[in-house]
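Peer 1:
Number of protein chains: 2
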Amino acid sequence: MTIYLPALRRCSLFHNMADETILKLCQCLGGTIRQYPRGTILLLAGQPVNSAGIVLTGQLHAEQQTLGGEHIIVANHTAGSLFGDILMSGSRLSPVTLTATTNLTVLYFAMETILGDCGQHCQCHLQLRQNLLVGISEKFWAQQKKIGYLSMPSLRRKLLSYLLDQRTTDSDLDIFLPYNREELASYLGVNRSALSRELGRLQKEGILTFHKRQITILDLSRLLTQLSR
Amino acid sequence: MTIYLPALRRCSLFHNMADETILKLCQCLGGTIRQYPRGTILLLAGQPVNSAGIVLTGQLHAEQQTLGGEHIIVANHTAGSLFGDILMSGSRLSPVTLTATTNLTVLYFAMETILGDCGQHCQCHLQLRQNLLVGISEKFWAQQKKIGYLSMPSLRRKLLSYLLDQRTTDSDLDIFLPYNREELASYLGVNRSALSRELGRLQKEGILTFHKRQITILDLSRLLTQLSR
DNA sequence: GAATTGACGTTGCTATGGCAACATTTGGAG
DNA sequence: CTCCAAATGTTGCCATAGCAACGTCAATTC
């Protein structure tokens, strides 16, 4: 288990915990490790879920099938990601299919052991549950932000409000996008070429400059004006 | 406390629990009741949160201020609603402002008492935490659905995919909307009159009929075609 | 170095849908 | 019943943005 510490340290569940605590908890929770070759389906949409998993090595994604038959990727999990925590809907049937996009190692915990008493009254168990809740809350508010962008009435506003949120601080003017154009367009629910066009316009107007994924805001006050009117 | 049982029974936290269990838990968790006149701000965005609340009587809403300065309503809570459960983001600062839209009675629980051991190893405490998680998950997937609608490329598809989800069963063809036109348009992120126009077109094409909030699907297969192409 | 591929920018065409302004309906209030 | 206000339907105008098609650039392969 010690080999996987780097991944475990990154997991939201173990946020702010000492290495020994993490290892002790893994034991206490009775986690089981599984490995899957690339392409394996870990869980099919519509199946019940009773455990959460932490990605130790590799990558997986959660995708949902729309009524139209397309697949939308709800989440992408890399080393340290917790998944399955919010798959327990009321009926306990998963809305998404989980697929390994690379060879994959996963550590599973039964949800009940996280939520239940371990009988030892350990402080760390409380912390664990708080971390669980904080982690889920963050997923929720990340989604809420996305809804904010999607609800904007124009492409320009979608883009600008997204860019503002991507700054690391309020005074930061440089942004490095985590997506390429295609992915960004898809995230914002707009057409790729229309997105490129809008970026070009913003540059021509002197509001920002960009090169590939690197974007620099030139005129923050004018940018903000665009959003409020 | 017994007066409030009807509201408590409806709360996701106490789903599938007997009345005595609910009352016992309320005591065990050390809940405190507060009352507020209409218009009171219960929590200002940016403030830390350490407790969750259940609406006993009245109504409140959570609203978020956008960068542009507008307010968007994130949630609306009526009797039995649990709120504050997902306000614990990483920094523990609330992204939303909570305001009483009517006179209001609320039962608060410290989050720690829900997550921590009560020292009695009661089975109901485990159930409580599971209910908490299920409740939050449901909020997440409700949001996910909204994202699905907003991501659709046309007003028609936004509307139709929403309508399909509103059916109570897969074979049900009658829908009673929970929103008026204005609210529905806002929810779907489109213009009200454009929404009305699209509804009119769908009716003219014989795909559905409607009268106010009552909508009836006439040609389900053709409706589905519209979504897939 | 030629060729291939993938990411990104550019542009003309056109449908979609936002907007505004007005018409119609409905459900109370008096 | 009459009047009023709120909700909803209707329509013309036009900007926005989707779409397709193509051009450019850089990296990689052979």
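So the protein lines, in turn, are chains A and B.
So that you can map any letter, position 159 of the first sequence is 158 in numbering that gives the first Met the number 0, and since no number is skipped, the others follow by simple counting.
So that you can map any letter, position 75 of the second sequence is 74 in numbering that gives the first Met the number 0, and since no number is skipped, the others follow by simple counting.
Glycine included, every Cβ here is placed at the ideal spot set by N, Cα and C.
Because the structure is a prediction, the values reported are computed rather than measured.
By the three-class DSSP mapping on this structure, what secondary structure does residue 69 of chain B have?
Peer 2: coil
Peer 1: For the pair the region 6-16 of chain A and the region 74-81 of chain A, tell me if three or more CB-CB distances fall below 8 Å.
Peer 2: yes
Peer 1: Using the beta-carbon of each residue, which ones in chain A are nearer than 7 Å to residue 145 of chain B?
Peer 2: Residues of chain A passing the Cβ test: 146.
Peer 1: Hey, could you find the ends of the beta strand (DSSP E) residue 37 of chain B is sitting in?
Peer 2: First-last for residue 37 of chain B: undefined, no H or E at that position.
Peer 1: Got a sec: is the Cβ-Cβ distance from residue 20 of chain B to anything in chain A below 8 Å?
Peer 2: no
Peer 1: Residues of chain A with CB under 8 Å from residue 139 of chain B, in chain order?
Peer 2: 85, 135, 138, 139 and 142
Peer 1: Taking C-alpha atoms, which residue in B/227, B/193, B/180 and B/192 lies nearest to residue 210 of chain B?
Peer 2: B/180
Peer 1: Between residue 135 of chain B and the rest of its own chain, which residues show a CB-CB distance below 8 Å, the 5 nearest in sequence each way excluded?
Peer 2: Closer than 8 Å at the Cβ level, and outside the excluded window around residue 135 of chain B, lie 84 and 85.
Peer 1: For residue 42 of chain B and residue 99 of chain B, which I take to be in contact (beta-carbon distance under 8 Å), what is that distance rounded to the nearest angstrom?
Peer 2: Not quite, the Cβ-Cβ distance comes to about 11 Å (not below 8 Å), so this is no contact.
Peer 1: Measuring alpha carbon to alpha carbon, tell me which residue in A/97, A/18, A/103 and A/71 is nearest residue 33 of chain A.
Peer 2: A/103
Peer 1: For residue 0 of chain A, does the count of other Cβ atoms within 10 angstroms reach 16, so buried, or fall short, so exposed?
Peer 2: exposed
Peer 1: Return the CA-CA distance between residue 198 of chain A and residue 70 of chain A, expressed in angstroms with no decimal places.
Peer 2: 28 Å
Peer 1: Please identify the residue among B/143, B/52 and B/182 whose C-alpha is closest to the C-alpha of residue 131 of chain B.
Peer 2: B/52
Peer 1: Using the C-alpha atoms, what's the distance from residue 56 of chain A back to residue 105 of chain A?
Peer 2: Going by C-alpha positions, residue 105 of chain A is about 7 Å away from residue 56 of chain A.
Peer 1: Within 10 angstroms of its Cβ, does residue 50 of chain B collect 16 or more other Cβ (buried), or is it exposed?
Peer 2: buried
Peer 1: What residue range is occupied by the uninterrupted alpha helix (DSSP H) comprising residue 86 of chain B?
Peer 2: Per DSSP, residue 86 of chain B belongs to no alpha helix (DSSP H) and is neither H nor E.
Peer 1: Can you tell which of A/157, A/12, A/45 and A/31 has the C-alpha that lies nearest to the C-alpha of residue 67 of chain B?
Peer 2: A/157
Peer 1: Is it buried or exposed, residue 37 of chain B, if we count other Cβ atoms within 10 angstroms and call 16 or more buried?
Peer 2: exposed
Peer 1: Give a yes or no on whether the C-beta atoms belonging to residue 40 of chain B and residue 101 of chain B are separated by under 8 Å.
Peer 2: no
Peer 1: Considering Cα atoms alone, identify which of B/188, B/141, B/82 and B/65 is closest to residue 12 of chain B.
Peer 2: B/82
Peer 1: Which one or two residues does DSSP pair with residue 175 of chain A in a beta bridge?
Peer 2: A/213
Peer 1: Measuring CB to CB, does residue 108 of chain B end up less than 8 Å from residue 139 of chain A?
Peer 2: no
Peer 1: What is the DSSP secondary structure of residue 75 of chain A, counted as helix, strand or coil?
Peer 2: Residue 75 of chain A falls in the strand class under three-state DSSP.
Peer 1: For residue 175 of chain B versus residue 202 of chain B, is the C-beta spacing smaller than 8 Å?
Peer 2: no
Peer 1: Indicate whether the contact test is met: 3 or more Cβ pairs, each with one atom in the region 111-127 of chain B and one in the region 143-154 of chain A, closer than 8 Å.
Peer 2: Too few Cβ pairs lie closer than 8 Å, so no.
Peer 1: Taking only beta-carbon positions, decide if residue 80 of chain A is within less than 8 Å of chain B.
Peer 2: Not closer than 8 Å to any Cβ of chain B, the Cβ of residue 80 of chain A fails to qualify, so no.
Peer 1: From residue 206 of chain B to residue 128 of chain B, what does the alpha carbon distance come to, in whole angstroms?
Peer 2: 45 Å
Peer 1: Which complete alpha helix (DSSP H) runs does the region 84-129 of chain B hold, if anything under 4 residues is left out?
Peer 2: 110-114
Peer 1: Which of the three DSSP states, helix, strand or coil, is assigned to residue 187 of chain B?
Peer 2: Collapsing the DSSP output to three states places residue 187 of chain B in a helix.
Peer 1: Rank B/159, B/188 and B/172 by C-alpha distance to the C-alpha of residue 145 of chain A and give the top, closest one.
Peer 2: B/188
Peer 1: Within 10 Å of its beta-carbon, does residue 160 of chain A have 16 or more other beta-carbons around it, so buried, or fewer, so exposed?
Peer 2: buried
Peer 1: Quick one, which of A/218, A/48, A/73 and A/117 has its alpha-carbon nearest residue 143 of chain B's?
Peer 2: A/73
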